[in-house]
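Count along the sequence shown from 1, then add 2; that gives the number in the working numbering.
Since the structure comes first, as structure tokens, the remarks are kept for the end.
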Amino acid sequence: MMTVLNIEQVQNKNILDSVRSVFRPYSIETELKENDDASVLSITYRQRRGAVKFNKIYEHCIGRRKTILCDEKLSLFNTHFRRFNSLTFKKRLLENYICSILDHADFSPSELTISYYDPKAESPSFAEKLLKYTSKLTVVSDMPRFYENEAERLAEKCGASMIVSNSPDKLIPCNILIAPTVIKESLPTVSSSLIFTLHRPPVPVSGNVITDYQAELPEKYASLKPDFIDDIYFMSGLYSLCSAYELGEIIPTGCGNQFNEFTNENIIHQIEINIINK
Numbered sequence: 003m004m005t006v007l008n009i010e011q012v013q014n015k016n017i018l019d020s021v022r023s024v025f026r027p028y029s030i031e032t033e034l035k036e037n038d039d040a041s042v043l044s045i046t047y048r049q050r051r052g053a054v055k056f057n058k059i060y061e062h063c064i065g066r067r068k069t070i071l072c073d074e075k076l077s078l079f080n081t082h083f084r085r086f087n088s089l090t091f092k093k094r095l096l097e098n099y100i101c102s103i104l105d106h107a108d109f110s111p112s113e114l115t116i117s118y119y120d121p122k123a124e125s126p127s128f129a130e131k132l133l134k135y136t137s138k139l140t141v142v143s144d145m146p147r148f149y150e151n152e153a154e155r156l157a158e159k160c161g162a163s164m165i166v167s168n169s170p171d172k173l174i175p176c177n178i179l180i181a182p183t184v185i186k187e188s189l190p191t192v193s194s195s196l197i198f199t200l201h202r203p204p205v206p207v208s209g210n211v212i213t214d215y216q217a218e219l220p221e222k223y224a225s226l227k228p229d230f231i232d233d234i235y236f237m238s239g240l241y242s243l244c245s246a247y248e249l250g251e252i253i254p255t256g257c258g259n260q261f262n263e264f265t266n267e268n269i270i271h272q273i274e275i276n277i278i279n280k
């Protein structure tokens with residue numbers, strides 16, 4: 003069960019429209035779409051005059067979850083609602099993309115160096131997966147003791163090893179830096195650094211910072227999606243709010259950031275350059 007809200011500002015084209023807006027300052031249109039796996043309520047609030055009347059929107063959501071998908075610029079302060087903002091699905095896309103790239107690239111574990119930045123030790127299972135692709139994995143975390151225990155466990159389990167530190171300076175040099183979280187502090191990266199993360203860092207970070215992962219919305223869900231919502235954001239909602247966990251198996255076809263999009267070939271080539279220039 004998921005609710006998607008769109009606030010559409012309607013401009014009055016003439017004096018007659020302005021007069022009408024006094025008596026009808028807004029209108030609300032709803033559409034419920036369902037299939038065997040999900041239920042999506044789409045609400046379009048057309049704002050002609052005055053502030054958005056969230057109490058009127060709320061009347062259409064009685065009995066439904068009040069965590070909604072909407073534009074990140076929309077303020078929900080002092081309303082019944084909160085914006086859905088989970089990065090769980092995007093983290094799965096990041097992991098799937100990295101594994102897919104490294105599975106198809108011709109890099110030996112001995113030549114590839116990977117740094118893994120996980121301050122709160124929230125994603126140790128992916129660190130373990132990365133040991134398949136490199137014999138030179140450095141993990142930097144504010145919880146080094148946790149990862150030291152992980153390193154001991156993995157050494158006993160499969161003979162794999164990792165370097166653990168709580169110093170960001172240890173992240174560089176590397177061929178790839180992976181941060182399955184939001185980077186909230188400046189890191190000692192350089193212009194050639196290839197960084198995979200989940201969101202545009204709120205602090206300056208040097209290098210090619212990848213934040214977006216391109217994936218196609220499966221046909222079974224395409225008919226449920228309102229036109230005004232981004233595909234990845236919509237799939238994130240389906241994954242977390244509607245338990246559509248099969249979406250977590252999607253392998254992205256490319257990646258990018260707010261400036262550029264990159265093909266798999268672009269990324270593999272950049273990794274090759276970093277290996278050569280290490």
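The beta carbon of each residue, even a glycine, is placed where N, CA and C say it ideally should be.
Along the beta strand (DSSP E) that carries M4, what are the first and last residues, could you check?
Unbroken beta strand (DSSP E) run through M4: 4-11.
In the DSSP assignment, find the unbroken beta strand (DSSP E) run with F198 in it and report its ends.
That run of the beta strand (DSSP E) goes 196-198.
Are the beta-carbon atoms belonging to K282 and I234 less than 9 Å from one another?
Given that the chain is displayed from residue 3 to residue 280, the structure contains no residue 282 and the question cannot be resolved.
Excluding five sequence neighbours on each side, which residues of the same chain lie with their C-beta closer than 7 Å to the C-beta of K58?
Same-chain partners within the cutoff: I30.
Taking the Cβ atom as the reference point for each residue, do N132 and Y119 lie within a distance shorter than 9 Å?
First, the residue type needs correcting, since residue 132 is Leu and not Asn in the sequence shown. Cβ distance not < 9 Å, so L132 and Y119 don't count as in contact.
Assigned exposure category for N80 - 16 Cβ within 10 Å defines buried
Exposed.
So, are the CB atoms of A107 and I278 less than 9 Å apart?
In this structure, A107 keeps its C-beta atom at 9 Å or more from the C-beta atom of I278.
Reduced DSSP category for E36 - H, G, I as helix; E, B as strand; rest coil:
In the three-state scheme derived from DSSP, where H, G and I count as helix and E and B as strand, E36 is classed as strand.
Distance check for I180 and I212, CA to CA, integer angstroms please.
Taking the straight line joining both Cα atoms gives about 10 Å.
Helix, strand or coil for K138 per DSSP?
Reduced to three states, the DSSP call for K138 is strand.
Might you give, ordered along the chain, the residues of its own chain that have their beta carbon closer than 8 Å to the beta carbon of T265, omitting 5 neighbours on each side?
Closer than 8 Å at Cβ, skipping near neighbours: G256.
Could you tell me the distance, in whole angstroms, from the CA atom of K227 to the CA atom of E248?
E248 has its alpha-carbon roughly 17 Å from the corresponding atom of K227.
Which same chain residues end up closer than 6 Å to K15 when comparing Cβ atoms and leaving out the 5 residues on each side of it in sequence?
No residues qualify anywhere along the chain.
Are the stretch 216-226 and the stretch 35-52 in contact at 8 Å, needing three or more beta carbon pairs?
Under the 8 Å Cβ criterion, the stretch 216-226 counts as touching the stretch 35-52, having at least three qualifying pairs.
Which of helix, strand or coil DSSP assigns to F264
F264 falls in the strand class under three-state DSSP.
Under the assumption that L305 contacts N177 (Cβ atoms under 8 Å), give the Cβ distance between them as a whole number of angstroms.
Residue 305 is absent from the model: the chain starts at 3 and stops at 280.
Short Cβ contact (9 Å threshold) for L200 with L71:
The answer is no: Cβ separation not under 9 Å.
Is it true that the CB of V192 sits closer than 9 Å to the CB of S208?
For S208 and V192, yes; Cβs fall inside 9 Å.
State the Cα-Cα distance for the pair S143 and V184, rounded to the nearest angstrom.
Taking the straight line from one Cα to the other gives about 13 Å.
With respect to the alpha helix (DSSP H) encompassing T90, which residues constitute its N-terminal and C-terminal limits?
Segment 90-106, the alpha helix (DSSP H) holding T90.
Only counting the same chain, and skipping five residues up and downstream in sequence, which positions put a Cβ closer than 8 Å to that of H62?
Counting only Cβ-Cβ distances below 8 Å, and skipping sequence neighbours, we find I30, T32, L43, I45.
For M145, I'd like the list of residues in its chain whose CB is within less than 6 Å of its CB, leaving aside the five on either flank, ordered along the chain.
Contacts found: A123.
So, using beta-carbon positions, are L156 and E130 closer together than 9 Å?
It is a contact, given that the beta carbons lie within the stated cut-off.
Assuming F86 contacts G239 under a Cβ cut-off of 8 Å, what Cβ separation, rounded to an integer in Å, is found between them?
The Cβ separation is near 6 Å, so the contact holds.
Since I253 contacts S137 with CB under 8 Å, what's their CB separation in whole angstroms?
Cβ-Cβ separation between I253 and S137: approximately 25 Å, too far for a contact (criterion under 8 Å).
Three-state class that DSSP yields for N151 in the structure shown:
Note: N151 maps to helix in three-state DSSP.
Excluding the 5 residues preceding and the 5 following V6 in the sequence, name in chain order all residues of the same chain whose CB lies nearer than 6 Å to its CB.
Exclusion of the five residues before and after V6 leaves S44, L71, P228, I231 as the residues of its chain whose Cβ lies within less than 6 Å of its Cβ.
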